[in-house]
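Beneath this line is the structure, given in structure tokens, with notes to follow.
Numbering (the working numbering), first residue to last: 76 to 304.
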């Protein structure tokens with residue numbers, strides 16, 4: 076999503092989805108190649124379950140209940156198995172994975188989440204530096220407010236988002252050293268705890284974060300306002 080596309084800043088799903096969409100775009104620009112193996116397996120499980128249900132429905136409609144009766148129980152059992160496998164794969168294997176890929180600097184797997192009423196981008200990263208034979212896999216957790224790259228008016232600014240990723244994730248920073256900001260520090264992900272309060276509403280938290288954050292400047296001008304021609 077470009078900086079000229081405006082979203083509702085009080086919608087956590089919009090904030091997260093927009094940020095998730097920007098992840099592969101940035102990594103692809105660094106010559107990372109996305110791996111779709113897990114997504115393909117999920118699709119196969121889902122489509123297989125739907126195909127069984129559809130085939131049973133068609134057989135019953137075409138030939139009647141008596142003809143399809145012997146196949147109903149096995150088909151239902153197969154559907155339940157596939158659907159259970161689909162749910163297990165989605166919740167326990169993928170676990171919120173939004174990107175998995177490989178580049179010249181290493182392999183990377185990124186899962187993201189956002190807790191209810193808390194406008195913080197939570198990211199779990201598993202990476203392996205190249206060469207893989209001499210570098211073990213490592214996992215880090217990073218987090219930061221969405222206001223780091225969203226203006227008060229709801230415009231996404233790519234530069235601070237890219238700087239955050241490059242500064243926090245070693246394999247990304249190695250691929251894009253020009254975006255590494257040492258002041259951010261790897262794995263810091265600091266968030267003012269005084270701002271995040273369990274008794275504070277999502278609206279109040281967003282307002283406080285926006286007041287405490289630094290306003291980004293995009294192509295449409297400070298605060299996301301359009302410049303007059």
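Heads up, the beta-carbon is just placed ideally off N, CA and C, and yes, glycines get one too.
How would you call residue 83, buried or exposed, if buried means at least 16 neighbouring beta carbons within 10 angstroms?
exposed
Our contact map puts residue 173 next to residue 185 with C-beta atoms below 8 Å; I'd like the distance itself, whole angstroms only.
6 Å
List the whole-angstrom C-beta distance separating residue 143 from residue 131, where the pair is believed to meet the contact cut-off of C-beta under 8 Å.
7 Å
How far does the beta strand (DSSP E) with residue 204 in it extend, from its first residue to its last?
195 to 204
I'd like to know if the stretch 223 to 235 and the stretch 177 to 184 are in contact, where contact means that at least 3 CB-CB pairs between them fall below 8 Å.
no
In angstroms with no decimal places, state the Cα-to-Cα distance between residue 123 and residue 194.
37 Å
Under DSSP, the alpha helix (DSSP H) around residue 117 begins and ends at which residues?
112 to 138
Are there 16 or more other CB atoms within 10 angstroms of the CB of residue 163, so buried, or fewer, so exposed?
exposed
For residue 248 and residue 134, what's the separation of their Cα atoms in angstroms?
56 Å
Starting from residue 174, trace the beta strand (DSSP E) in both directions and tell me its first and last residue.
172 to 178
Are residue 217 and residue 175 close, meaning C-beta to C-beta below 7 Å?
no
Report yes if the CB atom of residue 189 is closer than 7 Å to the CB atom of residue 87, and no otherwise.
yes
For the alpha helix (DSSP H) that residue 248 lies in, which residues bound it at each end?
245 to 250
For the beta strand (DSSP E) that contains residue 182, what are its first and last residues?
181 to 188
Let's test the definition: count the other Cβ atoms within 10 Å of the Cβ of residue 120 and tell me whether it reaches 16, buried, or not, exposed.
buried
How many Å lie between residue 40 and residue 96 at the Cα?
This structure leaves residue 40 out entirely; the chain is present only between 76 and 304.
On the DSSP bridge list, what partners appear for residue 85?
Paired residues: none, contrary to the question.
First and last residue of the uninterrupted beta strand (DSSP E) at residue 216:
213 to 220
In terms of alpha-carbon separation, which member of 81, 85, 80 and 101 lies closest to residue 236?
101
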